[in-house]
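S.K.: Chains as they are written, first to last, in the working numbering: chain P, 284 to 641; chain V, 284 to 641. C-beta: ideal position from N, C-alpha, C; glycine also.
#1: How would you list, in chain order, the residues of chain P whose beta-carbon sits under 9 Å from the beta-carbon of residue 236 of chain V?
#2: I think residue 413 of chain P touches residue 354 of chain P, with their Cβ atoms under 8 Å apart; what is that distance to the nearest whole Å?
#3: Going by DSSP, name the residue or residues bridged to residue 474 of chain P.
#4: Output yes if chain V places a C-beta closer than 8 Å to the C-beta of residue 474 of chain P; else output no.
#5: If you follow the alpha helix (DSSP H) that residue 543 of chain V is in, where does it begin and where does it stop?
#6: Given a cut-off of 8 Å, decide if residue 569 of chain V and residue 434 of chain V are closer than it, judged by their beta-carbon atoms.
#7: Just to make sure I have the definition right: I need the residues of chain P whose C-beta is within less than 7 Å of the C-beta of residue 240 of chain V. Which are they?
#8: On the DSSP letters alone, give me the boundaries of the beta strand (DSSP E) that residue 581 of chain V sits inside.
#9: Beta carbons nearer than 8 Å to chain P: which residues of the region 363-386 of chain V have them?
#10: On the criterion of 16 or more Cβ atoms from any shown chain inside 10 Å, does residue 329 of chain P qualify as buried, or is it exposed?
#11: If you draw a straight line from the C-alpha of residue 530 of chain P to the C-alpha of residue 490 of chain P, how long is it?
#12: Below 9 Å on C-beta distance, what does residue 349 of chain P contact in chain V?
#13: Quick check: the Cα distance between residue 625 of chain P and residue 558 of chain P, rounded to an integer number of angstroms?
#14: So which residues of chain P does residue 611 of chain V contact, with C-beta pairs closer than 9 Å?
#15: Can you tell me where the alpha helix (DSSP H) holding residue 576 of chain V begins and where it ends?
#16: Any beta carbon of chain V sitting closer than 8 Å to that of residue 568 of chain P?
#17: Check whether the Cβ of residue 388 of chain P lies closer than 8 Å to any Cβ atom in chain V.
#18: Counting only C-beta atoms, is residue 325 of chain P closer than 8 Å to chain V at any point?
#19: Hey, quick one: how far does the beta strand (DSSP E) through residue 433 of chain V stretch, first residue to last?
#20: Below 8 Å, can you find three or more Cβ-Cβ pairs linking the region 593-605 of chain V to the region 535-552 of chain P?
#21: Out of V:457, V:537, V:596 and V:573, which one is the CA nearest neighbour of residue 552 of chain V?
#22: Determine whether the Cβ of residue 334 of chain P lies closer than 8 Å to any Cβ atom of chain V.
#23: Under DSSP, the beta strand (DSSP E) around residue 413 of chain P begins and ends at which residues?
#24: Using DSSP bridges, identify the partner residues of residue 445 of chain P.
#25: In terms of alpha-carbon separation, which member of P:534, P:523, P:521 and P:494 lies closest to residue 508 of chain P?
#26: Flag residue 401 of chain V as yes if its beta-carbon sits less than 8 Å from any beta-carbon of chain P, otherwise no.
#27: Please decide whether residue 617 of chain V counts as near chain P, where near means a Cβ-Cβ distance under 8 Å.
#28: According to DSSP, is residue 381 of chain V helix, strand or coil?
#29: Could you compute how far the alpha carbon of residue 496 of chain P sits from the alpha carbon of residue 578 of chain P?
#30: Give me the Cα-Cα distance between residue 316 of chain V and residue 287 of chain V, rounded to the nearest whole angstrom.
#31: For residue 468 of chain V, decide whether its Cβ has a neighbour in chain P, counting only Cβ atoms nearer than 8 Å.
#32: Does the CB of residue 638 of chain V have a neighbour CB from chain P at under 8 Å?
#33: Using beta carbons (cut-off 8 Å, strictly below), is residue 537 of chain P in contact with chain V?
#34: Reducing DSSP to helix, strand and coil, say where residue 347 of chain V ends up.
#35: Compare the C-beta of residue 488 of chain P with all C-beta atoms of chain V and state if any pair is closer than 8 Å.
#36: Return the Cβ separation of residue 472 of chain V and residue 505 of chain V in integer angstroms, given the expectation that the two are a contact with Cβ distance under 8 Å.
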């Protein structure tokens, strides 16, 4: 390990004082340094490959150039990597470094406070607080010490900017896609757990039916565990209704896996006999199912990027707006939708005995 | 935002000089401060909730208390979150903060160098360099400026400690599990791409057969794209061999998804008619398939934790060993294995017409 090049080396190389080098490289306003000298200093710094000491810069400017991302349960969130990636790449654009701390969902308020303090001890210039399973959060009071932005939930007090996925719009869009190809009896395999996504996706399902002039049939809304096994049970229940749905909107792609299995067992081909759509665009399910699943993508990368941009705006100006933003969840069209088959009429068992189209 | 409590406030509260506070709180060696005064200073700091300025500490101690995690393609690695979590929780134990930078696989050597420099500019005390698709790497020369540790690949020059999953042992263990319940004809649905995991898992398959005294049948090793579609094609090929395999070891859980589909189509029940095992324990596939898939877990959390511990050891002592460690990949037993059915003999089409056991 060689000694790093210091500001004194640059001053020596350029034949100027340390103060002059500091003024030039830090672009200190109102200093009288000729353009020629400025160029000589920059050339010397470049030749010597001088890297300014950002710790010292931090003490002088009272900013560390570092922002903290406090995530809840990163390990159990399949898309957390995309949030981090969006935040990290956007931080790089602003010449900011991203420090990460993971909080456990089970953690009590005290340990969350400790996590925020650990970041504040590093003199982070701002903090992003990301959660997935909450509609609203009461951020630890320590978060008010620096600019802060929320991902995935709104501030119960309404102080902090927040970015969330537009679950309702995403659900409405994919259900309307089913309506557009001719479906009128659309089942919803919903999540039995009351999380924000459950409510948002149900609202989207209901609003799509309302906009399409389709009456809601309560029997077509079935809730189960939001895993493949729950999707299987929900599909068996939905397909035993008479008349059965011609399409099933699944709360998520995991449940869609179970719906596929139920369809296989009942001898129903997807999409010929039954159309299926999911939500989450979860890798690798949606692209690995056969046929590939039409679903709705969550804007995780975009939420990470938005949060860093919003945080930077707050760091630069206390007057930046305290907004709440819903980001679009785009429909990803694959191969699991087709128009309902008017010739096909299968009975209460959900099993068809009629010959199939090729 | 209130003014933070400073060292002067503590000195005033304790009725001592700033220098004394500094000596006490930083535990400066060889200073004469009475135990009573030390206690008074600590009490004052505690009462005022004083948080030392870690930027200033960093300048004095020439350490930032921050380590950098440079990851390649975090977004495309489903388990990257587990590596980050293991690294972050272990960093917390050592009172270190984890800063993250993502490098793109496609990035050229120059931009990887820039990523390392961005971390060095922050005066990180050490760097962890994590990759997934390489057997060996030539780390950027800048990495030698601080202690460094590799995850997922070894240093081509043999300088840096490295931690990798023991692919061979994991594959051997799960194939021997098949042998233990009675399978002798075991197909391998391998990956057509030559990555370290492909070679390691093939070695494990071959060594398990050798240890069990089973001759290798080259026809039972089929390579395809390491996705569900490739697994489907590999299974169709394997199950058309006469006599067909009674069990299939899949390169990964994605390919196992396709093997399940092929078995469904051919009317083969898993595990009664054919046993299937995977590798990766990829959430949510392995637990969502029906029946749930027996597979091999990758020790991502443990690799992240090991890397931070090894880095801390190198930061504390230049004499720490430059080791390469293979971490165990444990078999996760679920429901996709049963003994081969001696009554069952299905032909070259892979389709059985004989009645099935319950």
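M.R.: Judging by the given coordinates:
#1: This structure cannot speak to residue 236 of chain V, because chain V is shown only from 284 to 641.
#2: The pair is a contact, with the Cβ atoms about 5 Å apart (cut-off 8 Å).
#3: DSSP output for residue 474 of chain P lists P:507 as bridge partner(s).
#4: Not closer than 8 Å to any Cβ of chain V, the Cβ of residue 474 of chain P fails to qualify, so no.
#5: Secondary structure note for residue 543 of chain V: its alpha helix (DSSP H) is the uninterrupted segment 536-548.
#6: No; because the gap between Cβ atoms is not below 8 Å, this pair is not in contact.
#7: With chain V covering 284 to 641 only, the question about residue 240 of chain V has no answer from this structure.
#8: Bounds of any beta strand (DSSP E) do not take in residue 581 of chain V, whose DSSP letter is neither H nor E.
#9: Residues passing the 8 Å Cβ filter: 363, 364, 365, 367, 368, 371, 372, 375, 380, 381, 382, 383, 384 and 385.
#10: It is exposed - the Cβ of residue 329 of chain P has fewer than 16 other Cβ atoms within 10 Å.
#11: About 17 Å.
#12: Within chain V, the residues whose beta carbon sits less than 9 Å from that of residue 349 of chain P are 349, 380, 382 and 405, listed in sequence order.
#13: If I take the Cα positions, the gap works out to 13 Å.
#14: Residues of chain P passing the Cβ test: none, with the nearest at roughly 20 Å.
#15: Counting along the chain, residue 576 of chain V falls outside any alpha helix (DSSP H), and DSSP gives it neither H nor E.
#16: It does; some Cβ of chain V falls within 8 Å.
#17: Note that residue 388 of chain P has pLDDT 49, beneath the 50 cutoff, so the model's placement of it is unreliable and the number below is only indicative. Cβ-Cβ to chain V under 8 Å: no for residue 388 of chain P.
#18: Chain V contact via Cβ: absent.
#19: In the DSSP assignment, residue 433 of chain V falls within the unbroken beta strand (DSSP E) covering 431-434.
#20: The region 593-605 of chain V is not in contact with the region 535-552 of chain P.
#21: Nearest C-alpha to residue 552 of chain V: V:573.
#22: Contact of residue 334 of chain P with chain V is assigned, a C-beta pair being separated by under 8 Å.
#23: 409-413 is the extent of the beta strand (DSSP E) around residue 413 of chain P.
#24: Per DSSP, P:433 and P:607.
#25: Residue P:534 is the option with its Cα nearest to residue 508 of chain P.
#26: Cβ-Cβ to chain P under 8 Å: yes for residue 401 of chain V.
#27: The beta-carbon of residue 617 of chain V is placed no less than 8 Å from the nearest beta-carbon of chain P.
#28: Three-state DSSP puts residue 381 of chain V in a strand.
#29: Their Cα atoms are separated by approximately 23 Å.
#30: About 26 Å.
#31: No - not a single Cβ of chain P is within 8 Å of the one on residue 468 of chain V.
#32: Its pLDDT being 42, under 50, residue 638 of chain V is placed unreliably in this model, and the coordinates cannot settle the point.
#33: Interface residue, yes.
#34: Here residue 347 of chain V carries a coil assignment [DSSP, helix/strand/coil].
#35: Put simply, the CB of residue 488 of chain P is far from chain V, with every gap to its CB atoms at 8 Å or more.
#36: About 6 Å separates the beta carbon of residue 472 of chain V from that of residue 505 of chain V, a gap short enough to meet the 8 Å contact definition.
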